[in-house]
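Chains as they are written, first to last, in the working numbering: chain A, 2 to 252; chain B, 2 to 252. Where a beta carbon is used, it is the ideal one built from N, C-alpha and C, also for glycine. No experiment lies behind these values; they were computed from the predicted model shown. Quick notes on the structure that follows.
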DNA sequence: CGACATTTTGAGTCAGCTCAATCAGTGTGG
DNA sequence: CCACACTGATTGAGCTGACTCAAAATGTCG
């Protein structure tokens, strides 16, 4: 701890700092709003890779925020095949919808060991009453999630295997950059090829071949656990990636 | 008009009646809430089949409600292939997200001739301020939309051609029943086989063969413009359809 | 009735699948 | 420090569900 620069310490101090940073990307929070978030009662839970955080059919009275690590949304169909619908990064609240909907229609799993903050629905409801502006900002995040689902649907349905994988990679790097975990060229990559296949609705073998294609085309290299982009424009072109749906501003 | 029963007339009187009926499914509206909706300033627009209502990239200052007819969300990728992401039924507001997001990430088209009510963003914002409960109910609809996108992603990615088409049919009939336009056995079916293919990410030829399979299996018959279910349980089983994500209650 | 949209069927092709091995990296107990 | 177990990546080979091309049949509407 003592090794850290003072500014990092300030940020790291609050368990919900990644949430605050994320919300501030859209709208600077005032002191009262920030304090209201910091005062949220949370209970911290750690999960291991592969462990489910919330299951399809569950009906919780709290929401989960990913503090550290990576989670993902998925369903398994009767044939045993798994479809991954989204990756969740630090600062994300993947089940905010549970505030309004009956029960989970999909499962939330851990892609890597995660630190999860559980926040009671009631506390969120009180927060929204006290700071209506925060309700707006948080609901907006669920709309961005929906836009991401739509883009995935287009990718899975209508793009080539390599194009679909490229789109997933483009989106991931862009989101990682937005939370300060990538310089846009290289970043941590928490998914195995099996995970990537279940996200792109492809078999493991075909993912492997498509990744080789991307590597040999000098577009991107996916080492286990790390990803390096050689040709961002080429990758974007192949993926037909337009980041505006992520609502990150700029670009 | 004179042919209609008085009750139908009452319902048909307000242009936003299909919206009111939809919202009441979840939460009975009081007189003030209903009046606030009825007072919304709207401008009515008619579209023909195939005509776009809002285009990808557009940035409007109003939202569209489908009063009559059927709309659909879609994108076209560079190869020329089209992916349909959702069908919109009377009472739906498919672009409510435009209140919070920058620009459309997909296009809204007319599946059949539509009557669209355009409602200014400002009027909706005022409505939300005056009747915060309505904001909650409307935002909830966007969460249901997101659940629908997730189910489609699973279908397109991981189900067989027949299973995916069956899921689309199950969902459509269930939603039609909820707005009083199906008895659960038969209903109007506004999509061509080409449309169905672009929704399920299948070719026209393969859709045709899969529909024959469904017909020969005595599950469902899709006439042009009309659909008849022979074996609801069998169809549900093939589609692995569980309607709870539509949040219609009951069942 | 003619023009056009939609459905149906046949036939050959291919992107992506499954099965089956092999190889590499990592962690663990002795 | 090494043998073993395990997870994940890579490659080969043959298969198949879904595709494309092509044409005919049917339905719809001015």
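Straight-line Cα distance separating residue j from residue i
{"i": "residue 18 of chain A", "j": "residue 76 of chain B", "result": "36 Å"}
{"i": "residue 223 of chain B", "j": "residue 81 of chain A", "result": "29 Å"}
{"i": "residue 16 of chain B", "j": "residue 39 of chain B", "result": "8 Å"}
{"i": "residue 188 of chain B", "j": "residue 228 of chain B", "result": "6 Å"}
{"i": "residue 160 of chain A", "j": "residue 198 of chain A", "result": "14 Å"}
{"i": "residue 180 of chain B", "j": "residue 102 of chain B", "result": "28 Å"}
{"i": "residue 208 of chain B", "j": "residue 162 of chain B", "result": "8 Å"}
{"i": "residue 110 of chain A", "j": "residue 191 of chain B", "result": "38 Å"}
{"i": "residue 167 of chain A", "j": "residue 151 of chain A", "result": "16 Å"}
{"i": "residue 226 of chain B", "j": "residue 56 of chain B", "result": "26 Å"}
{"i": "residue 25 of chain B", "j": "residue 215 of chain A", "result": "51 Å"}
{"i": "residue 175 of chain B", "j": "residue 73 of chain A", "result": "29 Å"}
{"i": "residue 12 of chain B", "j": "residue 211 of chain B", "result": "Below a pLDDT of 50, predicted positions are generally treated as unreliable, and residue 12 of chain B, at 43, falls in that range; the measurement from the model is reported next regardless. Rounded to whole angstroms, residue 12 of chain B to residue 211 of chain B spans 39 Å at the Cα level."}
{"i": "residue 93 of chain B", "j": "residue 126 of chain B", "result": "18 Å"}
{"i": "residue 9 of chain B", "j": "residue 27 of chain A", "result": "Low confidence applies to residue 9 of chain B: its pLDDT is 38, below 50, so where it sits in the model is not reliable, and the reading given next is rough at best. Approximately 46 Å between the Cα atoms of the pair."}
{"i": "residue 59 of chain A", "j": "residue 46 of chain B", "result": "43 Å"}
{"i": "residue 68 of chain A", "j": "residue 41 of chain A", "result": "14 Å"}
{"i": "residue 186 of chain A", "j": "residue 79 of chain A", "result": "39 Å"}
{"i": "residue 164 of chain B", "j": "residue 241 of chain B", "result": "8 Å"}
{"i": "residue 108 of chain B", "j": "residue 51 of chain B", "result": "12 Å"}
Residue from the options whose Cα sits closest to the Cα of residue i
{"i": "residue 100 of chain A", "options": "B/53, B/58, B/206 and B/137", "result": "B/137"}
{"i": "residue 121 of chain A", "options": "A/52, A/165, A/43 and A/196", "result": "A/43"}
{"i": "residue 95 of chain B", "options": "B/217, B/84 and B/139", "result": "B/139"}
{"i": "residue 30 of chain A", "options": "A/183, A/141, A/176 and A/132", "result": "A/132"}
{"i": "residue 105 of chain A", "options": "A/28, A/124, A/54 and A/170", "result": "A/54"}
{"i": "residue 156 of chain A", "options": "A/73, A/141, A/83 and A/243", "result": "A/243"}
{"i": "residue 119 of chain B", "options": "B/215, B/23, B/212 and B/62", "result": "B/62"}
{"i": "residue 170 of chain A", "options": "A/234, A/125 and A/51", "result": "A/234"}
{"i": "residue 217 of chain A", "options": "A/236, A/153, A/186 and A/35", "result": "A/236"}
{"i": "residue 200 of chain A", "options": "A/186, A/182, A/184 and A/154", "result": "A/154"}
{"i": "residue 250 of chain A", "options": "A/178, A/123 and A/164", "result": "A/178"}
Endpoints, the alpha helix (DSSP H) within which residue i is located
{"i": "residue 194 of chain B", "result": "194 to 201"}
{"i": "residue 177 of chain A", "result": "162 to 179"}
{"i": "residue 25 of chain A", "result": "18 to 25"}
{"i": "residue 131 of chain B", "result": "122 to 131"}
{"i": "residue 235 of chain A", "result": "233 to 240"}
{"i": "residue 36 of chain B", "result": "32 to 39"}
Integer-rounded CB distance, given that residue j should sit under 8 Å from residue i
{"i": "residue 112 of chain B", "j": "residue 71 of chain B", "result": "4 Å"}
{"i": "residue 246 of chain A", "j": "residue 114 of chain A", "result": "Their Cβ separation, rounded to whole angstroms, is 30 Å, which puts residue 246 of chain A and residue 114 of chain A out of contact at 8 Å."}
{"i": "residue 97 of chain B", "j": "residue 64 of chain B", "result": "6 Å"}
{"i": "residue 146 of chain A", "j": "residue 202 of chain A", "result": "19 Å between Cβ atoms; not a contact."}
{"i": "residue 220 of chain A", "j": "residue 231 of chain A", "result": "6 Å"}
{"i": "residue 135 of chain A", "j": "residue 128 of chain A", "result": "6 Å"}
{"i": "residue 84 of chain B", "j": "residue 158 of chain A", "result": "5 Å"}
{"i": "residue 21 of chain A", "j": "residue 66 of chain A", "result": "Wrong, their Cβ atoms sit about 11 Å apart, outside the cutoff."}
Residues sharing a beta bridge with residue i, DSSP
{"i": "residue 79 of chain B", "result": "DSSP output for residue 79 of chain B lists no bridge partner at all."}
{"i": "residue 218 of chain A", "result": "Paired residue(s): none; residue 218 of chain A is not in a bridge."}
{"i": "residue 53 of chain B", "result": "B/110"}
{"i": "residue 142 of chain B", "result": "Answer is none; residue 142 of chain B lacks a bridge partner."}
{"i": "residue 84 of chain B", "result": "B/76"}
{"i": "residue 118 of chain B", "result": "B/45 and B/66"}
{"i": "residue 183 of chain B", "result": "B/188"}
{"i": "residue 223 of chain B", "result": "B/228"}
{"i": "residue 89 of chain A", "result": "A/72"}
Endpoints, the beta strand (DSSP E) within which residue i is located
{"i": "residue 1 of chain B", "result": "This structure cannot settle anything about residue 1 of chain B, because the visible part of chain B is limited to 2 through 252."}
{"i": "residue 47 of chain A", "result": "44 to 48"}
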